[in-house]
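Undergrad: Note that this note's numbering numbers the sequence shown so that position 259 is 263, with each residue one more than the last.
Every residue, glycine too, gets a C-beta built ideally from N, C-alpha and C.
Let me begin by handing over the structure; questions about it come next.
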Amino acid sequence: MKKYASLKSIASYVPSRCVKNSDFEEILDTSDEWIRKRTGIQTRYFASDDENSSDLGARAAKLALERSGLDVQDIDLVIVATLSPDYLGMPSSACLLSAKLGIRNKPAFDISAACSGFIYLLSLAKSFIESGAYENILIVGAEKVSSVLDFKDRSTCVLFGDGAGAAVIGTTSEKNKSILDVHISSDGTYYDYLLTPRSLKESKFLQEKFAPQYLQMKGNETFKLAVKTLTSDVKEIMKKNNIFSKDIDFFIPHQANLRIISAVGEQLKFSSEQVVVTVEKYGNTSAASIPMAMNDIYENGRLNGGDLMLLDAFGGGLTWGSALLYFGA
Ligand code: ACO
């Protein structure tokens, strides 16, 4: 019997410190009105000084494991997507997170695909499971974006938040409980649209050109490309799988900006009930944004086993991707 990969459980962790738009008014030339109008964001949550991405991720992962009914010993592989790892380079946040959960002697590694991280994770997990390499994989999007933000730059620091989302990917023989399809892509010629600090000594050329000490973003250019790419990517994956907008229970796009979400949702003819929006609460939590949004509808009792979800993300690299999957719980 054919074995499909299946998303068995979802969970998230939101750090406790809530930061309102008005809190930025005290340190920057900005306003609650500008931030709400241009992005839809009202609040975001920041991790404490002693919490790192692996801590946030471990909290979400522990709950995802509990919800899957599996034990730590059942997990064959741990993969973390993050742009804000505990350490630049090594050890990976996946190794640290595994240790915190008590998972030992199993492979663990990080991937770097910025805000598209969770879609890349799904693609990897699906391939590993359907090739027969592993049975149960823990995938985690974990971000302490606040650690790379320049709090003097009003055009970026108001946009992001910290948090983590985790899922257990297992196997199923039922297609209508499986991950149907995942598409991922990138174009490195746009590498300078979104940049974070370099760990290595800067070359003089790059210092003069970008001086990338903190996260920087060409917001307007990114916005336009995001709407175009997200819309075409989703159209492609739906066409390939012969799925129409009306067949989708939940469209869960990356939560960067309400205007991007609305533009893409309208172009794809999704109703407001189908489109999941959490950006107003959490801001842009990068690789954690899609699993955090998925967990919100799960905890609200809206997401049930067998529901069909369409995920869509875009981020630094540039990277993008989409996924079509049933909730396998
Ligand atoms: N408060 C007040 N004014 C501001 C602020 C702020 N926080 N930020 C920028 N402004 C000003 C600018 O300085 C500019 O002023 P000027 O006209 O005097 O020069 C004006 O507002 C307009 O700036 P724009 O950048 O043109 O504003 P825009 O409407 O494009 O909104 C935003 C900016 C929110 C960043 C938007 O472009 C966006 O969301 N971009 C896409 C983000 C995204 O999707 N990123 C990808 C994922 S992230 C990842 O991978 C990590």
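In the DSSP assignment, what are the bridge partners of Asn-288?
TA: According to DSSP, Asn-288 bridges with Phe-164.
Undergrad: For a minimum of 3 consecutive residues, which ranges assigned as the beta strand (DSSP E) are wholly contained in the segment 9-88?
TA: Correct list: 21-24, 47-50, 81-85.
Undergrad: DSSP on Ser-96, reduced to helix/strand/coil?
TA: Coil, per DSSP.
Undergrad: Is Tyr-195 helix, strand or coil by DSSP?
TA: Three-state DSSP puts Tyr-195 in a helix.
Undergrad: Between Gly-325, Leu-74, Val-84, which lies nearest to Gly-174 when the distance is taken from Cα to Cα?
TA: Selected option, being the one with the closest Cα: Leu-74.
Undergrad: Would you identify the three-state DSSP class for Ile-183, choosing helix, strand or coil?
TA: Strand at Ile-183.
Undergrad: Check whether the Cβ atoms of Tyr-138 and Asp-185 lie closer than 9 angstroms to each other.
TA: No. Outside cutoff.
Undergrad: Report the three-state DSSP secondary structure of Glu-178 (helix, strand or coil).
TA: Correct three-state label for Glu-178: coil.
Undergrad: Could you work out which residue in Leu-315, Lys-6, Leu-312, Pro-295 is closest to Ala-64 when comparing CA atoms only?
TA: Cα-wise, what sits closest to Ala-64 is Pro-295.
Undergrad: Roughly how many angstroms separate the alpha carbons of Ile-143 and Asp-316, rounded to a whole number?
TA: Taking the straight line from one Cα to the other gives about 17 angstroms.
Undergrad: Just list the residues that DSSP pairs Asp-114 with in beta bridges.
TA: According to DSSP, Asp-114 bridges with Val-84.
Undergrad: If distances are taken between C-alpha atoms only, which option among Lys-273, Ser-190, Val-231 comes closest to Ser-258?
TA: Here the sequence assigns His to residue 258, which means Ser is not the residue at that position. With distances taken between Cα atoms, His-258 lies closest to Val-231.
Undergrad: Which two residues bound the contiguous beta strand (DSSP E) that contains Thr-323?
TA: 323-330 is the span of the beta strand (DSSP E), which, as asked, contains Thr-323.
Undergrad: Who pairs with Val-172 in a beta bridge, going by DSSP?
TA: According to DSSP, Val-172 bridges with Ser-13, Leu-142.
Undergrad: Does DSSP put Ala-103 in a helix, in a strand, or in coil?
TA: Reduced to three states, the DSSP call for Ala-103 is helix.
Undergrad: Is Thr-337 near the ligand ACO, judged by its Cβ being under 8 angstroms from some heavy atom?
TA: The chain is shown only over 5 to 333; residue 337 falls outside these bounds and no answer can be derived.
Undergrad: Excluding the five sequence neighbours on either side, which residues of its own chain have a C-beta within less than 6 angstroms of the C-beta of Tyr-194, listed in chain order?
TA: Counting only Cβ-Cβ distances below 6 angstroms, and skipping sequence neighbours, we find Leu-322.
Undergrad: What are the partner residues of Gly-220, as DSSP defines its beta bridges?
TA: Residue 220 is actually Gln in this sequence, not Gly. Partner(s): Leu-199.
Undergrad: For Gly-4, report the span of its alpha helix (DSSP H) as first-last.
TA: Residue 4 is absent from the structure shown; the chain starts at 5 and stops at 333.
Undergrad: Within 8 angstroms: the Cβ of Asp-33 and any heavy atom of the ligand HEM?
TA: This structure does not include the ligand HEM; its bound ligands are the ligand ACO.
Undergrad: Restricting to Cα atoms, I'd like to know which of Ile-45, Ser-20, Ile-14, Leu-11 is closest to Val-283.
TA: Checked all of Ile-45, Ser-20, Ile-14, Leu-11; the closest Cα to Val-283 is Ile-45.
Undergrad: Rounded to the nearest angstrom, what separates Ile-10 and Ser-72 at their Cα positions?
TA: Checking the sequence shown, residue 10 turns out to be Ser, not Ile. Spanning the two alpha carbons is a distance of roughly 11 angstroms.
Undergrad: Of all the options Ala-333, Asn-304, Ala-291, which has the alpha carbon lying nearest to the alpha carbon of Phe-164?
TA: Ranking Ala-333, Asn-304, Ala-291 by Cα distance to Phe-164 puts Ala-291 first.
Undergrad: Compute the minimum distance between the beta carbon of Arg-40 and the heavy atoms of the ligand ACO, and state whether it is under 8 angstroms.
TA: Checking the Cβ of Arg-40 against the ligand ACO gives no.
Undergrad: According to DSSP, simplified to helix, strand and coil, what is Asp-154?
TA: Looking at Asp-154 - three-state DSSP - the assignment turns out to be coil, as it is neither helix nor strand.
Undergrad: Is it true that the CB of Leu-307 sits closer than 9 angstroms to the CB of Pro-326?
TA: As written in the sequence, residue 326 is Ser, which differs from the Pro given in the question. In this structure, Leu-307 does not lie closer than 9 angstroms to Ser-326 by Cβ.
Undergrad: CA-CA distance, Leu-328 and Glu-30?
TA: Looking at the two C-alpha atoms, the distance is approximately 43 angstroms.
Undergrad: Run the CB neighbour count on Gln-77, radius 10 Å, all protein chains shown included, and call it buried at 16 or more, exposed below.
TA: Exposed, by the Cβ-count rule.
Undergrad: Leaving out the 5 sequence neighbours to the left and right, which residues in its chain are closer than 6 angstroms to Gly-320 when beta-carbon positions are compared?
TA: Correct list, in chain order: Ala-118, Leu-198.
Undergrad: Output needed for Gln-220: all residues of its chain with C-beta closer than 6 angstroms, excluding positions within five of it in sequence on either side, in chain order.
TA: Leu-199, listed in sequence order.
Undergrad: For Tyr-91 and Leu-272, what's the separation of their Cα atoms in angstroms?
TA: Rounded to the nearest angstrom, the two C-alpha atoms are 39 angstroms apart.
Undergrad: Could you tell me the boundaries of the beta strand (DSSP E) in which Gly-121 lies?
TA: Here Gly-121 belongs to no beta strand (DSSP E); instead the alpha helix (DSSP H) covers 121-134.
Undergrad: Is it right to say Lys-130 is buried, meaning 16 or more other beta carbons lie within 10 angstroms of its own, or is it exposed?
TA: Per the 10 Å Cβ criterion, buried.
Undergrad: Select from Gly-223, Ser-135, Ala-112, Gly-121 the residue whose C-alpha is nearest the C-alpha of Arg-158.
TA: Selected option, being the one with the closest Cα: Gly-223.
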